[in-house]
Amino acid sequence: MPKKLYDKEEILDTCLSVFAEHGYDKTSTAMLAEASGISRALIFHHFKSKKDLYMSILDRCFEKGSKVIAFENILDNEDFFEIKDKISAIKFNYYKENPEVYKVIMEAFYNTPDELMGEIDSKYGKMIEERDKVQERLFDNVPLRENVDRKKAYKLIKLTLDYFESKYVSELVDDSELNECIFENIIDERNSFINMIRYGIQK
């Protein structure tokens, strides 16, 4: 009996490459089976459907990425803005070293296939909310001027951070590789906007 029948991790690695190259909609089960060197029946011995296989790959991408970024190890007494820069750099380097993971993550969250929208939203929406709570908790340590509403201040900072994340993604959407110069320029621009919010613009 073929060894790969039992090698679920190897199937996930191989199919990650196929999804990264072709995208979810253009990837067929026949393509996945051919790349894995086994029959479709054997692939679906492990995974119920193409959607189930893709979601399993996405789970694995997140699991590995979470270990690298280690959100749970962020200390409450660390500086919010330094942490944001640190996380951005860690994420960039992780995706640079794992371009196929990057491509699948970008498709899943920034160009979500119609068939997967509901499942991705319900499965990962709560996780993203939990990460936002960690960041908001860190922001609680930022000293603010008297009478500044902390929740509104955090919302303003988050809107700025989200804008630059979207800008970064849009500038790289057609790139086959992550461009370090684009990343550094956007981080510099992001920080200049953040500093204007932090320190004020009126003389």
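No gaps in the numbering here: position 175 of the sequence shown is 1657 in the working numbering, and each next residue is one more.
Positions of the beta carbon are idealized from the N, C-alpha and C atoms, including for glycine.
These numbers come from a predicted model, not from an experiment.
About 4 Å separates the CB atoms of Ala1502 and Lys1585; that is less than 8 Å, so the two are in contact. Here Phe1621 is near Tyr1636, since their CB atoms are less than 8 Å apart. DSSP, reduced to helix, strand and coil, places Ile1610 within a helical segment of the structure shown. Under the criterion of beta carbons closer than 8 Å, Leu1494 and Ser1538 qualify as touching, at roughly 6 Å. Ile1668 places its beta carbon less than 8 Å from that of Lys1649. Counted as a single uninterrupted DSSP element, the stretch harbouring Tyr1506 is not any alpha helix (DSSP H), since DSSP gives it neither H nor E.
Setting aside the 5 residues that flank it on each side, Thr1594 is surrounded in the same chain by Ile1602, each with a C-beta closer than 7 Å to its C-beta; the list follows chain order. Apart from the 5 residues on each side of it in sequence, Tyr1577 sits with its Cβ closer than 7 Å to the Cβ of Val1583, Tyr1584, Leu1660 in its chain, given in chain order.
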